[in-house]
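So the structure is just underneath, and the comments pick up after that.
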Amino acid sequence: MELDPLVLSRIQFAFVVSFHAIFPVFTIGLASYIALLQGLFFKTQNPAWDRLALFWTKVFAVVFGMGVVSGVVMSFQFGTNWSNFSLAASNFIGPVLSYEVVTAFFLEAAFLGILLFGRGKVPQGIHLMAATIVAIGTFISAFWILSANSWMHTPAGVELIDNRFHVTSWREAIFNPSFPYRFSHMAIASFITGGFVVAGVSAWFLLRGRDPEANRRALSMCLWLLLFLTPLQAVVGDFHGVNTLEYQPTKVAAIEGHWETATNVPLLLFALPDQEAQENRFAVGIPNLASLILTHSIDGEIPGISEAPPEEQPPVMIVFWAFRVMVGIGLLMIATAFTGLILRRKDRIYENRLFLKTLVGMISLPFIAVLAGWIVTESGRAPWLVYGIMSHADGITPSLTGWMALFTLIGYVLVYAVVFYAGVYYLTRVVRNGMLPAHEHASVDRDADRPKRPLSAAHTPFDDDVDPVRS
Amino acid sequence: METFDLSIIWAVIIGFSVIMYVLMDGFDLGLGILFPFAPDEDARDVMMNSVAPVWDGNETWLVLGGAGLLAAFPLVYSIFLPALYIGVFLMLAGLIFRGVAFELRFKSRRNRHWWNRAFSWGSAIAAFAQGVVVGAYIQGFQTEDFVYTGGAFDWLTPFTVVTGLGLMAGYALLGSTWLILKSEGHIQDWAYKITPMLLGIVLVVFAIVSIWTPFVNQVVWERWFGNLRLIWIFPAMALFFAFLVFRSVKQRRESYPFLATIGIYVFTYLGLIVSQWPMIVPPNYTLWDAASAPGSQLFLLIGMLFVIPVILMYTAWTYWVFRGKVRVGEGYH
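These protein sequences, in sequence, are chains A and B.
For the first sequence, the positions run 1 to 471 when UniProt numbering is used.
For the second sequence, the positions run 1 to 333 when UniProt numbering is used.
Structure, rendered in C-alpha cells:
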C-alpha cells in the first residue's frame, strides 16, 4: 500500500486539533460560569456560591492545563506538515496566532494566578475581577484562533504576490466575512458545553444526595441558560449556514447532499452519498424544506455539488453525516432543555431520577457535537486550505514522505492516549472529591502553587493509597 | 520609509528568547537527566522541588520564540521544522511526558516510580533533540527556492549526535550547579562531586565540536580563520568561565558555579551566532531573506513590547519569591 503523506497529514492535523479543541471548548464556557458564581457570591454572600466556584475552579485548572499541553503541539504542526502553507500565509497567520500566545501569557502571568490561588488572600472584589478578566481572556484567545481559521475559509484583506500573501487591510483580514458567524457559533457552543457539563455533574451529585443546596442552584441555573442558548444556537447556526452558502456553496451542497443545482430542494434526513456515481442512494427527505431553510423561500434555488468539478469536491459522505450528528445532538439538547422547563413544576427537576440520569449521560454529547461541527466545516472546504486559492496539496511540506507522517501520527496518538488517560482519570477524582470544605481535604501536595502550573490548583491526590477524604 | 530595521529588532527578540529558554529550561531538563543518578529519593524530592515553581514558566520562552519565528522569520519556521521533522516530534513527546510526569509525581505515591522514569527519559530525549538542532544549524540545510529539499534524517549525523550528547552534558552541568545553589548537606555534596566531571565532559565535547565545525561548514571555516581575529574572544571567554566553574566548585562557593556556567553558555552562544551571521538558515538564506513583510513584523512587535516586560517582571518576581534553599521533606507552600 502506498502511504500518502497528504492523507496522513490531514488525519494527523484533524486528530491533534480535535484532541486539543475539547479542552478550550469547555474552559471558555466554564471560565464565564466561574466568574458568574464569584459575582453571585460577591453580591449575596451566600457560601453555596463560593463552594461551587471553588469546586469548578479546580476542574478548570486541570482542564486548562491539559489544553495548554496539547496546544503546544498545535503551534508546531503548521511548520512540520504544512510548511508551504505556513510560508505563504505567514504574513497574516503568523502575527494573528502569535497574538493568541501573547494574550494567554498576559493572563497566566497576572490574573490566572489570582483566580486559582488568591481565594482568601486577596479582597473578594479583586478575586471577582480576576475571574472576570480570565473569562474575557479566554474569549480573546478564541477570537485570534477563529480569526485565523475563518480567514482560511473566507480569505480577505490580502493580495498574493510571488506565492506569498501580503496583508493590505488588517481590519478586513481579521474580521473576514465568515468570522462573526463562526465566532458567535463557537462562543455559544462553549457556553452550551459548559452548561451541560455543569448540569450533568450537578445531577450526578444530586443522585447521590451530596450537597443538595449548592447543586440544586447550579442545576437550575444551567437549565435556564440552556433553555435560552440551545434554541439561539440553532438560529445562529442557520445564519452561519446562509453565510456559508454565499462563500462556500459546495460545502452547503455537500451538507444537504444535493448533487445537482435545483429549486424546491427537499431536506434529506437520510441518504448514502456515492461520490463515484455523483448521486445518493436511499434518499429520504422532506419536500422543499432545504430551500426554505437556506434561502428562506419555499422554491429557492440551491447550487449542487456538481457545480464544482469532481477533483474540487469535498468528501460528501463525511460532511453529510457529520452535519446530521451535530444537528441531531443539537435537537436533543433543545428537547432536554425544554423537558427541564416542564419538570420545574413542583421542583421535579431535582428529584426525577430519569431526568437526572439523562443529564449525566449527556455530558459527552456537546463535545461530540462540537467535533462533528468542525468536521463539517473543515472537511467541507476540501480540497482547499485557503479557500479557492491554495489547496491541501499545495500547502503540504514538500519533503514529507508517507512513512514520516505515519510515524508521527502513531506517535501523537500514543502520547495523547497516555496524557488523556491520566488527565481524565485525575479529573474524575477531582470531581468525585466534590465540594468538600477545604479543611477536610488531605492534601498530598508539597509543591508550589503557580499559575503557570494550573494543575497545582487541584490539590487532589492521583492514586488511592493516600485517602483523599481523611476526616 | 523604514527608519529602523525591524528584522534586526526581531532577530534580537528571538535570539534573546532562545538563550533565555536554553538557560532556564536547561537547568530543569538537566535535573531530569541527573535524576536516575541521584543518591536517594530525598535528593530527587529536593531536585524536583527546586524547580517546581519555575519550570513551566521556563518553557514560556520556547513558545514565545516559536510563535515569533512564524510571524517574523517564517522561512526559518518552514525550513527547520520539516528538516527536523522526526526530531521535533521526539522533543515534543519528551517535553509533554516530562511535564505530565512533573505534575502527577507530586500527587502520587504508588505510581511514583513510573512518573520518575517518564520525567528522566522525557528530559533526556528533549535535551538530546535540542542539541541535535544546534548541530543541524551548524551543518546547514539543503534547500532550493525557499523550500527544504533534504531527507528525513539529514539532521542525524555523527556530528549532530555529538552536539546532542554535548547539550545533554551541558544541561546536566546547569542542573548540578543549580542544585549546588538550592540544596545543602549530602545532596549538595553530591552536586559538588559530579560538577567537575560534567564540566570535563562539556569541555571535551566543546573541543570536538570546535575542531569539527570548520570541516562541516566552509563558511564557518573562513569566518574563524579569515581576517576577523576578534572573534576568538568568545571561545576564550567561554573557557575562562569554565575555569571559574572549576575553581568555585573547589572553593565550595554556592552561587558562583551556576553563574559561571551561565557565562559559558552565553559566550558559546554568541560564538555560534557570529560564526553564521547574518545567515539564519545556513548556508543559503540571511535573516532578511527569511523575514516576513515589514507590516506583519510591526503588527506583532507592538504586542511583544507589552508582553515581554510583563513576562520578565513575572519571572523575576517568581524567582525572588522562591529564593533560598530547598530542604528535605519540605516543599514550597
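C-beta atoms are modelled at their ideal positions from N, C-alpha and C, and glycine is treated no differently.
{"Item": "Per DSSP, what kind of secondary structure is B:GLU144 in: helix, strand or coil?", "Value": "strand"}
{"Item": "Quick check for students: name the residue ranges of the alpha helix (DSSP H) that lie wholly in the region 373-403 of chain A, counting only runs of 4 or more.", "Value": "392-395"}
{"Item": "What does A:GLY461 reach in chain B if we use C-beta pairs closer than 9 Å?", "Value": "It is worth fixing the name first, because residue 461 of chain A is Pro in this sequence and not Gly. By Cβ distance, chain B contributes LYS107, SER108, ARG109."}
{"Item": "Pick helix, strand or coil for B:VAL76, following the three-state DSSP scheme.", "Value": "helix"}
{"Item": "Strictly under 7 Å for the Cβ-Cβ distance: is residue 343 of chain B near chain A by that measure?", "Value": "Outside the modelled stretch of chain B, which goes from 1 to 333, sits residue 343 of chain B, for which no answer is possible."}
{"Item": "Find the nearest neighbour of A:SER32 within the set A:TRP259, A:ARG182, A:ILE136, judged by alpha-carbon distance.", "Value": "A:ILE136"}
{"Item": "Can you give me the Cβ contacts of A:SER75 inside the same chain, cut-off strictly under 8 Å, excluding the 5 residues immediately before and after it?", "Value": "LEU97, VAL101"}
{"Item": "For a contact meaning CB atoms closer than 7 Å, what does A:ASN91 contact in chain B?", "Value": "SER292, ALA293, SER296"}
{"Item": "Does DSSP put A:PRO273 in a helix, in a strand, or in coil?", "Value": "strand"}
{"Item": "According to a CB-to-CB cut-off of less than 7 Å, which residues of the region 381-402 of chain A neighbour chain B?", "Value": "THR397, PRO398, SER399, LEU400, THR401"}
{"Item": "Using alpha carbons as the reference points, say which of B:LEU23, B:TYR137, B:SER108, B:ALA152 lies closest to B:SER275.", "Value": "B:TYR137"}
{"Item": "I want to verify the contact list: residues of chain B whose CB lies under 8 Å from the CB of A:TYR99, in sequence order.", "Value": "LEU300, GLY303"}
{"Item": "Distance, Cα to Cα, A:TRP403 vs A:ALA322?", "Value": "29 Å"}
{"Item": "Taking its Cβ as the centre, do 16 or more other Cβ atoms sit within 10 Å of B:ASP56, making it buried, or is it exposed?", "Value": "buried"}
{"Item": "Among A:PHE13, A:VAL431, A:LEU229, A:LEU294, whose alpha-carbon lies nearest the alpha-carbon of A:ALA187?", "Value": "A:LEU229"}
{"Item": "Could you tell me whether the Cβ of B:MET1 comes closer than 7 Å to any Cβ of chain A?", "Value": "Model confidence at B:MET1 stands at a pLDDT of 43, short of 50, so the residue's coordinates are unreliable and nothing is read from them."}
{"Item": "Rounding to the nearest angstrom, what Cα-Cα distance links A:ASN81 and A:GLN12 in this structure?", "Value": "9 Å"}
{"Item": "Is the CB of B:PHE240 under 7 Å away from at least one CB in chain A?", "Value": "no"}
{"Item": "DSSP on A:GLU312, reduced to helix/strand/coil?", "Value": "helix"}
{"Item": "According to a CB-to-CB cut-off of less than 8 Å, which residues of the region 136-160 of chain B neighbour chain A?", "Value": "PHE146, VAL147, TYR148, THR149, GLY150, GLY151, ALA152"}
{"Item": "Taking just the CA atoms, how far does B:THR318 sit from B:ALA129?", "Value": "28 Å"}
{"Item": "Is there at least one Cβ from chain A nearer than 7 Å to B:ALA129's Cβ?", "Value": "no"}
{"Item": "Between B:PHE4 and chain A, is any beta-carbon pair separated by less than 7 Å?", "Value": "no"}
{"Item": "What residue range does the alpha helix (DSSP H) around B:MET313 cover?", "Value": "294-321"}
{"Item": "Distance check for B:LEU29 and B:GLY164, CA to CA, integer angstroms please.", "Value": "13 Å"}
{"Item": "Contact between the region 286-296 of chain A and the region 266-275 of chain A is defined here as three or more beta-carbon pairs at a separation below 8 Å; is this criterion met?", "Value": "yes"}
{"Item": "Name the chain A residues that come within less than 7 Å of B:ALA236, Cβ to Cβ?", "Value": "Residues of chain A passing the Cβ test: none, with the nearest at roughly 37 Å."}
{"Item": "Between A:ILE363 and A:VAL198, is the Cβ-Cβ spacing less than 7 Å?", "Value": "no"}
{"Item": "For A:GLU2, which residues from the same chain have a beta carbon less than 6 Å from its beta carbon, with the 5 sequence-adjacent residues on both sides left out?", "Value": "none"}
{"Item": "Distance, Cα to Cα, A:ALA393 vs A:PHE85?", "Value": "10 Å"}
{"Item": "Kindly indicate if chain A contains any beta-carbon less than 7 Å away from that of B:TYR309.", "Value": "Reading the sequence as shown, one finds Pro at residue 309 of chain B and not Tyr. No, B:PRO309 lies away from the interface with chain A (no Cβ there is under 7 Å from its Cβ)."}
{"Item": "Under 8 Å Cβ to Cβ from A:GLY434, same chain only, skipping five residues before and after it: list those, please.", "Value": "PHE55, PHE205, ARG210, ASP211"}
{"Item": "So for A:ARG281, helix, strand or coil by DSSP?", "Value": "strand"}
{"Item": "Let me see if you follow: with CB-CB separation under 7 Å, is B:ALA11 close to chain A or not?", "Value": "no"}
{"Item": "Say whether the region 230-250 of chain A touches the region 63-72 of chain A, bearing in mind that this needs 3 or more beta-carbon pairs closer than 8 Å, one atom from each stretch.", "Value": "no"}
{"Item": "In terms of residue numbering, what span does the alpha helix (DSSP H) encompassing B:LEU31 cover?", "Value": "6-34"}
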